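Residue numbers are given in numbering that gives the first Met the number 0: position 175 of the sequence shown equals residue 174, and the series is strictly consecutive. Positions of the beta carbon are idealized from the N, C-alpha and C atoms, including for glycine. Everything numeric in this text was worked out from a predicted model, so none of it was measured.
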Amino acid sequence: MEKTPRAFTDLDTWVFDLDNTLYPHHVNLWQQVDVRICEFVGAWLKVSPEQARRIQKDYYRRYGTTMRGMMTEHGVRADDYLAYVHQIDHSPLEPNPAMGEAIAKLPGAQANPDQRLDRACRQGLRRLGIGSHFEAVFDIIAAELEPKPAPQTYQKFLVAHGVNPRTSAMFEDLARNLIVPHQLGMTTVLVVPDGTRDVVREDWELEGRDAAHVDHVTDDLTGFLEGLGVLSLRRPRESGDP
Numbered sequence: 000m001e002k003t004p005r006a007f008t009d010l011d012t013w014v015f016d017l018d019n020t021l022y023p024h025h026v027n028l029w030q031q032v033d034v035r036i037c038e039f040v041g042a043w044l045k046v047s048p049e050q051a052r053r054i055q056k057d058y059y060r061r062y063g064t065t066m067r068g069m070m071t072e073h074g075v076r077a078d079d080y081l082a083y084v085h086q087i088d089h090s091p092l093e094p095n096p097a098m099g100e101a102i103a104k105l106p107g108a109q110a111n112p113d114q115r116l117d118r119a120c121r122q123g124l125r126r127l128g129i130g131s132h133f134e135a136v137f138d139i140i141a142a143e144l145e146p147k148p149a150p151q152t153y154q155k156f157l158v159a160h161g162v163n164p165r166t167s168a169m170f171e172d173l174a175r176n177l178i179v180p181h182q183l184g185m186t187t188v189l190v191v192p193d194g195t196r197d198v199v200r201e202d203w204e205l206e207g208r209d210a211a212h213v214d215h216v217t218d219d220l221t222g223f224l225e226g227l228g229v230l231s232l233r234r235p236r237e238s239g240d241p
């Protein structure tokens with residue numbers, strides 16, 4: 000049975016992930032973090048880089064973040080972990096004024112439920128030149144160190160910022176992180192690589208674009224948002240509008 004995607008009708012809140020969503024996959028900024036995580040795991044557990052890599056990816060998939068796995072399995076302190084893995088070079092991020100303009104034209108508020116230290120998240124938004132367009136940032140500290148896709152994390156975000164999921168849209172690069180938002184009533188958008196350049200991703204991270212909980216898929220977030228902005232300006236919102 001063909002699924003019927005939810006429309007962008009009467010939405011007042013727009014929720015964006017940061018990594019590989021607000022900035023493109025091919026920047027591979029996350030790859031820098033990935034290397035730092037592997038180093039941290041190897042040093043903490045005193046294992047080879049190959050063993051550290053296997054443990055890292057296993058914890059990431061099972062716990063939502065490697066950090067949560069290291070905390071649960073080995074008693075790692077979040078502050079120690081975050082301080083090390085976020086020492087990266089943000090210079091590959093370039094300003095994206097077109098995206099900023101597109102976000103500014105969306106009706107209502109924008110928020111970012113990113114799984115990072117607030118400082119690191121805001122630095123990324125600053126480099127992109129779009130930080131001023133967001134009303135709030137919800138990071139891993141605000142989530143009490145519980146990462147997506149844990150249901151309680153989304154609930155904490157909704158309560159903390161007074162967000163009604165049924166009048167909200169969420170943009171993400173991992174399909175599994177859209178399951179709970181869709182169940183809550185949010186319109187969901189999966190942002191995928193554009194296919195023009197190599198990206199560093201696990202196979203499972205690229206799955207799910209045809210899943211029932213994914214309403215829309217785009218490999219060009221700026222263009223997608225520009226289309227939504229044009230639509231909202233052309234006519235009043237009515238029930239049934241795309």
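- On the DSSP bridge assignment, give the partners of HIS215 in chain order. VAL188
- Please check the pair PRO106 and LEU10, which I expect to be a contact at CB under 8 Å, by giving their CB distance rounded to whole angstroms. Contact between PRO106 and LEU10 holds: their C-beta atoms lie close to 7 Å from each other, under 8 Å.
- Message: Between which two residues does the alpha helix (DSSP H) holding GLU93 run?
- Response: Note, GLU93: premise wrong, no alpha helix (DSSP H); not H, not E.
- Task: Using DSSP bridges, identify the partner residues of SER167.
- Result: THR12
- Using the beta-carbon count (16 or more within 10 Å), is ASP16 buried or exposed? buried
- Item | Inter-residue spacing [alpha-carbon to alpha-carbon] between PHE156 and ASP214 | C-alpha separation (whole angstroms): 21 Å.
- Query: Quick one: what's got a C-beta closer than 6 Å to GLY68's C-beta in the same chain, skipping five residues either side?
  - Reply: Excluding positions up to five away in sequence, the list reads TYR58 and TYR62.
- Nearest to HIS89 (by Cα), restricted to the options LEU28, LEU177 and ALA51: Measuring from the Cα of HIS89, the nearest candidate turns out to be LEU28.
- Could you tell me if PRO96 is buried or exposed, where buried requires 16 or more neighbouring beta carbons within 10 angstroms of its beta carbon? exposed
- Task: Kindly indicate which three-state DSSP category ALA77 falls into: helix, strand or coil?
- Result: helix
- Leaving aside the five residues before and after THR221 along the sequence, list all residues of the same chain whose C-beta is less than 8 Å from its C-beta, in chain order. ASN95, ALA97, MET98 and ALA101
- Inter-residue Cα distance where the pair is PRO192 and ASP219: Distance between the alpha carbons of PRO192 and ASP219: 8 Å.
- Message: Nearest by alpha-carbon distance to ARG120: which of GLN86, ALA103 and ARG175 is it?
- Response: Reading the sequence as shown, one finds Cys at residue 120 and not Arg. Of the listed residues, the one whose Cα sits closest to CYS120 is GLN86.
- Task: Alpha carbon to alpha carbon, how far is SER167 from THR12? Give it in angstroms, no decimals.
- Result: Cα to Cα, the separation comes out at about 5 Å.
- Identity of the residue in THR187, GLN31, VAL32 and ASP18 nearest PHE223 by Cα: THR187
- Task: Tell whether a beta-carbon distance below 8 Å holds between MET189 and VAL162.
- Result: It is worth fixing the name first, because residue 189 is Leu in this sequence and not Met. Going by C-beta atoms, LEU189 is not nearer than 8 Å to VAL162.
- Item | Candidates GLN50, ALA142 and ALA174, of which the one nearest ASP209 by Cα | ALA174
- Query: Can you tell me whether HIS260 is buried or exposed, with buried defined as 16 or more other CB within 10 angstroms of its CB?
  - Reply: With the chain covering 0 to 241 only, the question about residue 260 has no answer from this structure.
- HIS132 beta carbon less than 8 Å from that of ALA159: no
- Buried or exposed by the 16-neighbour rule on C-beta atoms within 10 Å, applied to ASP78: exposed
- Can you tell which of ASN176, GLY184 and GLU93 has its C-alpha closest to the C-alpha of PRO4? Measuring C-alpha to C-alpha distances from PRO4 to each of ASN176, GLY184 and GLU93 identifies GLY184 as the nearest.
- Between GLU20 and PHE170, which are expected to be in contact by the criterion C-beta below 8 Å, what is the C-beta distance as a whole number of angstroms? In the sequence under discussion, the amino acid at residue 20 is Thr, which differs from the Glu named in the question. Correct: roughly 6 Å between the Cβ atoms.
- By how many angstroms is the C-alpha of VAL32 removed from the C-alpha of LEU116? In this prediction, LEU116 scores a pLDDT of 46, lower than 50, which makes its location untrustworthy; the coordinate-derived value is nonetheless stated afterwards. Their backbone Cα atoms lie some 13 Å apart in a straight line.
- Query: What's the C-alpha gap between LEU81 and ILE54?
  - Reply: 17 Å
- Item | Test item: CB-CB of ARG35 and TYR83 under 8 Å | yes
- Does DSSP classify ALA159 as helix, strand or coil? helix
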